[in-house]
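K.L.:
In this text, residue positions in the sequence shown follow our numbering: the first is 77, and each later residue adds one.
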Amino acid sequence: MSAGRTFGFGILGFVIGGATGAGLGLLGGLAYTSLALVSGFEGHSGYVVAFWMLAGLLLGGVVGPFVGVSLSRKFKPRV
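1) Checking 9 Å against the spacing of the C-beta atoms, do Ile-87 and Gly-144 come in under that value?
2) Which of helix, strand or coil does DSSP assign to Val-155?
3) Does the structure place the stretch 97 to 116 close enough to the stretch 146 to 153 that three or more beta carbon pairs sit under 8 Å?
4) Can you find the residues in the same chain that come closer than 7 Å, C-beta to C-beta, to Leu-147, ignoring five residues on each side of it along the sequence?
5) Tell whether a beta-carbon distance below 9 Å holds between Gly-97 and Val-139.
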């Protein structure tokens, strides 16, 4: 197996995982502020949503490369 292919899948997993995590964090943060009735005074709800986005981004950035590398090892290119 090519090391470059594995590295590429890892980087791709990092980018896609981070973007997906941030998007899910945004949706989770918006849902939390609506359900918990977080005040919008002085942007408090914005801080809460930003925290959720950052948490999702970090989680996706950590999990994404593992998924990418495992997929690169599972599916071998046809020659």
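From the three backbone atoms N, C-alpha and C, an ideal C-beta is built for every residue, glycine too. On a predicted model such as this, the values are computed, not experimentally measured, just so you know.
P.N.:
Looking at the atomic coordinates:
1) yes
2) Under the three-state reduction of DSSP output, Val-155 falls in the coil class, being neither helix nor strand.
3) No, because fewer than three Cβ pairs between the stretch 146 to 153 and the stretch 97 to 116 fall closer than 8 Å, the two stretches do not touch.
4) Phe-85
5) yes
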